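Step one of this worksheet: look at the structure below.
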Ligand code: MEV
C-alpha cells in the first residue's frame, strides 16, 4: 500500500488578481488530502472516495472513455458554448480525470491494476485548495504504486491541466503551494520561498459557497480587466510580502484589511460575511476571505484571522466558530 498526502493552502494576499498576472502570497496549512494506492487485477481500477461516498470498479478502457467525455465537455467551455460548472458536474470526476490524465500523459497502460482510496480533511470548495491537494495526492499515490517517476514540474503540469477543468482558468497558485509547502510568493509562474507567519493562525469557515472557484473567476473577468484595480491588488500584496518577511503583525493586519476591502469591492464577499468580518474587527481581529470567495449566496468559505491572541471576551457564538490552524513546511509527500 502506498500513501501520499498533500496540504491545503490559504492565500494571504492577491487571490483573483493572480489570475491576471499579479503577485500572490500563500501558505500551505495542516489540513490534508490523502490517497492510498494498492494492487488490483491488471487493467482494472477501483475508486473509493470516502468523503464523496463514491465506490466504483472500472476497466482502464472505461476510465479512458470517461476522461474523453470530460475533455470534450471542457473544450465546449473553451469554445464559449457552456459554463465551467457544466464540465465537472460531479465531484468524483476530478479524481477519476486526474488518474486517467496522468496515465495518458505518461503513456502508461495500467498493466498492474490499482485500487485508490482517498480522504480529505480540507473543506471542499472553501478556498483552501481542496481540488489542487486532492489531484496531487491521487497522482502521487498512483505514481508510487505504479513505479512512475515524476519531477515536481511534471506533477505541476499534469495537475494544472486537470485543475483547469474545475477552475476554468487556474493561476496554479493552489498547486504550487500544496506541492512545495511553506510560504510562497508567486508571480507570473515564478516562485520564491517565504517564511510562514510567526503568529498563531485561526480561521472561521463561513460554509461552502454556492458558486465554484471557476464561476467566481469567470464572473470577475470583466471587473479585473481594469488596470487600476489590478495595480491596487499588486501594491497590497507587495506591502504584505515585506510585512511577512519582517513578521510585522500590525502591518500584516493593515494589508489584510485592505485586501479584504478590495475583495468585497470586486464582489466576492457576501454581505453576511462582510458583517461577520466587521464584528471581528470590533474585537480587534482582522479577517479576510481566502481564495475565490463567492458570487452567489451567503457563504464565502474560509476567513483567515489576524490577531496576536484571541480576546477572552469574545461572544461564545463567535468563539465557537474559530479553529486554530498551522503552516505545513513540507508539501506533497509520501506518508
Ligand atoms: C483560488 O484559490 C484562487 C483564485 O485566485 C483562482 C486561481 O488563482 O486560480 C481565485
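Residue numbers (my numbering): 1059 to 1393.
Backbone N, C-alpha and C define an ideal beta-carbon position, used for all residues, glycine too.
Predicted model, so just to flag it, every value in this text is computed and none were measured.
Using only alpha-carbon positions, find the residue among the options that is nearest to residue i.
i            : options                   : result
residue 1221 : 1140, 1276, 1272 and 1086 : 1272
residue 1105 : 1196, 1211 and 1349       : 1196
residue 1191 : 1233, 1228 and 1151       : 1233
residue 1147 : 1224, 1078, 1388 and 1139 : 1224
residue 1150 : 1131, 1141 and 1176       : 1176
residue 1293 : 1072, 1066, 1283 and 1061 : 1072
residue 1085 : 1259, 1341 and 1287       : 1259
residue 1070 : 1354, 1280, 1295 and 1356 : 1295
residue 1241 : 1392, 1165, 1329 and 1384 : 1384
residue 1265 : 1251, 1277, 1353 and 1182 : 1182
residue 1161 : 1229, 1184, 1375 and 1204 : 1204
residue 1138 : 1226, 1312 and 1198       : 1226
residue 1289 : 1066, 1067 and 1075       : 1075
residue 1198 : 1355, 1180 and 1217       : 1217
residue 1281 : 1107, 1202 and 1323       : 1323
residue 1101 : 1122, 1109, 1169 and 1392 : 1169
residue 1365 : 1378, 1310 and 1329       : 1310
residue 1392 : 1307, 1202, 1379 and 1211 : 1202
residue 1276 : 1330, 1355, 1189 and 1143 : 1143
residue 1350 : 1211, 1336, 1189 and 1108 : 1189
residue 1112 : 1228, 1127 and 1152       : 1152
residue 1307 : 1344, 1291 and 1165       : 1344
residue 1357 : 1336, 1332 and 1167       : 1332
residue 1128 : 1145, 1114 and 1141       : 1145
residue 1377 : 1171, 1136 and 1338       : 1338
residue 1228 : 1270, 1210 and 1208       : 1270
Can we count residue i as close to the ligand MEV, meaning its CB is less than 8 Å from some heavy atom?
i            : result
residue 1290 : no
residue 1271 : yes
residue 1232 : yes
residue 1472 : Because the chain spans 1059 through 1393 in this model, residue 1472 falls outside it and cannot be assessed.
residue 1077 : yes
residue 1069 : yes
residue 1238 : no
residue 1331 : no
residue 1178 : no
residue 1323 : no
residue 1350 : yes
residue 1228 : yes
residue 1275 : yes
residue 1073 : yes
residue 1313 : no
residue 1225 : yes
residue 1019 : Limits of the chain in this structure are 1059 at one end and 1393 at the other, which puts residue 1019 out of reach.
residue 1187 : yes
Give a yes or no on whether the C-beta atoms belonging to residue i and residue j are separated by under 9 Å.
i            : j            : result
residue 1094 : residue 1194 : no
residue 1206 : residue 1157 : no
residue 1314 : residue 1178 : no
residue 1083 : residue 1298 : yes
residue 1348 : residue 1368 : no
residue 1186 : residue 1087 : yes
residue 1262 : residue 1334 : yes
residue 1236 : residue 1081 : no
residue 1360 : residue 1274 : no
residue 1079 : residue 1245 : yes
residue 1318 : residue 1346 : yes
residue 1326 : residue 1278 : yes
residue 1239 : residue 1372 : no
residue 1116 : residue 1124 : yes
What does residue i pair with, by DSSP beta-bridge criteria?
i            : result
residue 1394 : This structure does not reach residue 1394, given that the chain is present from 1059 up to 1393, and the question cannot be answered.
residue 1344 : 1364
residue 1065 : 1090
residue 1082 : 1244
residue 1252 : 1241
residue 1112 : 1107
Any C-beta of chain E sitting closer than 9 Å to the C-beta of residue i?
i            : result
residue 1311 : Protein chain content of the structure displayed is limited to a single chain, and chain E is not contained in it.
Any chance the segment 1252 to 1266 sits against the segment 1297 to 1315, with 3 or more Cβ pairs inside 8 Å?
yes
Per the contact definition of three or more C-beta pairs closer than 8 Å, is the segment 1060 to 1068 in contact with the segment 1094 to 1103?
Yes: the two stretches touch, three or more of their Cβ pairs being nearer than 8 Å.
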